[in-house]
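This note's numbering applies: residue 68 is where the sequence shown begins, and numbers increase by one.
Report on one structure; see the data block that follows.
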Amino acid sequence: MARMSAPHSSSTPTRTVRKAVVPAAGLGTRFLPATKATPKEMLPVVDKPAIQYVVEEAAAAGLDDVLMVTGRHKRSIEDHFDNAFELEQALAAKGDAVRLDAVRDPARLANIHHIRQGEPLGLGHAVLCARRHVGDQPFAVLLGDDLIDPRETLLSRMLDVRDRHQGSVIALMKVPPEQIHLYGCAAVEATGEDDVVRVTGLVEKPSPQDAPSHYAVIGRYVLDPAVFDTLERTRPGRGGEIQLTDALQELAAGGTVHGVVFDGLRYDTGDKADYLRTVVRLACDRDDLGPEFVAWLKEFVSGLESGGADRGRLAA
Ligand code: UTP
Numbered sequence: 068m069a070r071m072s073a074p075h076s077s078s079t080p081t082r083t084v085r086k087a088v089v090p091a092a093g094l095g096t097r098f099l100p101a102t103k104a105t106p107k108e109m110l111p112v113v114d115k116p117a118i119q120y121v122v123e124e125a126a127a128a129g130l131d132d133v134l135m136v137t138g139r140h141k142r143s144i145e146d147h148f149d150n151a152f153e154l155e156q157a158l159a160a161k162g163d164a165v166r167l168d169a170v171r172d173p174a175r176l177a178n179i180h181h182i183r184q185g186e187p188l189g190l191g192h193a194v195l196c197a198r199r200h201v202g203d204q205p206f207a208v209l210l211g212d213d214l215i216d217p218r219e220t221l222l223s224r225m226l227d228v229r230d231r232h233q234g235s236v237i238a239l240m241k242v243p244p245e246q247i248h249l250y251g252c253a254a255v256e257a258t259g260e261d262d263v264v265r266v267t268g269l270v271e272k273p274s275p276q277d278a279p280s281h282y283a284v285i286g287r288y289v290l291d292p293a294v295f296d297t298l299e300r301t302r303p304g305r306g307g308e309i310q311l312t313d314a315l316q317e318l319a320a321g322g323t324v325h326g327v328v329f330d331g332l333r334y335d336t337g338d339k340a341d342y343l344r345t346v347v348r349l350a351c352d353r354d355d356l357g358p359e360f361v362a363w364l365k366e367f368v369s370g371l372e373s374g375g376a377d378r379g380r381l382a383a
């Protein structure tokens, strides 16, 4: 049943994808009340907002045009990726070059554009809002609250797969059966490559017994512009939202969707527990903060393990 994937005709694929779309207009209800007046994509992960890691990932994969799809909290995202003259002047006057760079970096990552999704009608609708900006070219979609560890190269791998197979490419991760109801789930067929599958069907948030596989759809996509016509026709689905998964299901039925199976580090910063894990993990990995933080963390955990009322104070 495994079908071999078509070999690529050249050893140096020509990248056709230049644009990235970052949907960041969701309501963020899982993270209330923090997300009442701040988009979840702006929550800090150590010392940068989550969405900055996502834009850095797009830039690292060579995508130099990034469109943010924003909602009611548009302002803070726009400001973060813009110049901040007063702050820059103050830091320059102090000769604080390190912080000056940190303030300037977000605006230098790519050509950043913004568009408003008037109402949060679903991820599919957010992607459709990008139609005019994207035009008739394939494009990447990176969810603004979904972090792939900066050391991973998932997006580049997906762009390579798009260049070789055309159509659309989604990112998949194996999850335990009891977690599949949290994700879109893909029915797949093997190809000749270990980490590439052909996607034959998609179901949004299935119960474990209805899930066609253990492969969950995670927040990276490389989409063919054909998705826009499909989205125009897609009616509201689960939760009354226009689901990207429903449009991709139609494309998958036409045989034009591949999946890249990812087994690296990925964090959902829109979920409270995963957000905490992300901050701890990335802080531990930092050269400037890590050594001291890890030493504190070890002491804190050993305090927790010994239990008792003092457990929070032991490593203060
Ligand atoms: P989620 O599924 O996490 O939904 O969206 P949500 O509404 O943002 O958050 P919760 O579940 O209420 O906590 C996945 C991605 O799609 C974007 C979100 O901003 C997030 O990056 N999105 C979702 C939109 O841009 N517009 C929408 O209408 C819905």
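Note that the Cβ used here is the ideal one computed from N, Cα and C, for glycine as well.
Check each candidate in LEU195, GLU260, LEU249 and name the one with the smallest Cα separation from MET225. Considering only LEU195, GLU260, LEU249, the residue with the shortest C-alpha distance to MET225 is GLU260.
Along the chain, where does the beta strand (DSSP E) that runs through SER369 open and close? Careful: SER369 lies outside any beta strand (DSSP E), inside the alpha helix (DSSP H) at 357 to 373.
With respect to 7 Å, is the separation between the Cβ of ARG97 and the closest non-hydrogen atom of the ligand UTP below this value? Yes, Cβ of ARG97 sits closer than 7 Å to a heavy atom of the ligand UTP.
If you follow the beta strand (DSSP E) that CYS252 is in, where does it begin and where does it stop? From DSSP, the beta strand (DSSP E) with CYS252 extends over 251 to 257.
Reduced DSSP category for GLY260 - H, G, I as helix; E, B as strand; rest coil: One point to set straight first is that residue 260 is Glu, not Gly, in the sequence displayed. Coil.
Just curious, the beta strand (DSSP E) that GLY191 is in, first and last residue? GLY191 -> not in any beta strand (DSSP E); alpha helix (DSSP H) instead, spanning 190 to 195.
Leaving out the 5 sequence neighbours to the left and right, which residues in its chain are closer than 6 Å to GLU108 when beta-carbon positions are compared? The answer, listed in chain order, is ALA91, ALA117, ILE118, GLY211, ASP212.
Just how far apart, CA to CA, sit VAL242 and VAL255? Each residue's Cα considered, the two are about 15 Å apart.
In whole angstroms, what is the alpha-carbon distance linking GLN184 and ASP168? Between GLN184 and ASP168, the C-alpha separation is close to 31 Å.
What residue does the beta strand (DSSP E) around HIS181 start on, and which one ends it? Residues 178 to 183.
Spatial neighbours of HIS75 within its chain, please: C-beta separation below 6 Å, excluding the five flanking residues on both sides. Here the model assigns HIS75 a pLDDT of 38, short of 50, so the residue's position is not dependable, and the following value carries that caveat. Counting only Cβ-Cβ distances below 6 Å, and skipping sequence neighbours, we find ARG231.
For THR96, name the three-state secondary structure that DSSP assigns. Assigned with DSSP and collapsed to three states, THR96 falls in helix.
Closest to LEU315 by CA distance: which of VAL170, MET135, PHE148, VAL194 is it? Looking at the Cα atoms, VAL194 is the closest of the given residues.
Who does MET240 pair with in a DSSP beta bridge? ALA283, per the DSSP bridge assignment.
When DSSP labels each residue in this structure, what does VAL84 get in the three-state scheme? Correct three-state label for VAL84: coil.
Starting from ILE118, trace the alpha helix (DSSP H) in both directions and tell me its first and last residue. Start and end: 117 to 127.
With DSSP as the reference, label ALA69 as helix, strand or coil. Unreliable positioning characterises ALA69 in this predicted model, as indicated by a pLDDT of 35, which lies under 50. The coordinate reading is nonetheless provided below. Reduced to three states, the DSSP call for ALA69 is coil.
Is LEU184 near the ligand UTP, judged by its Cβ being under 7 Å from some heavy atom? For the record, residue 184 in the displayed sequence is Gln; it is not Leu. Yes, Cβ of GLN184 sits closer than 7 Å to a heavy atom of the ligand UTP.
Bounding residues of the alpha helix (DSSP H) (the contiguous stretch that carries ILE135): Looking at the sequence itself, residue 135 is Met, so the reference to Ile does not match. Going by DSSP, MET135 is part of no alpha helix (DSSP H) but of the beta strand (DSSP E) stretching over 132 to 137.
Is the CB-CB distance between ALA197 and VAL84 below 8 Å? Taking C-beta atoms as the reference points, ALA197 and VAL84 fail to come closer than 8 Å.
Could you spell out the range, first to last residue, of the alpha helix (DSSP H) harbouring ASP230? Per DSSP, ASP230 belongs to the alpha helix (DSSP H) from 221 to 232.
CYS351 to VAL361 span [Cα, whole Å]: For CYS351 and VAL361, the distance between alpha carbons rounds to 6 Å.
Cβ-based neighbour list, GLU245, same chain, cut-off 7 Å, excluding 5 preceding and 5 following: If we look at GLU245 and ignore the five residues flanking it on each side, its Cβ neighbours are PRO275.
Could you give the first and the last residue of the continuous beta strand (DSSP E) run that contains LEU214? Unbroken beta strand (DSSP E) run through LEU214: 213 to 215.
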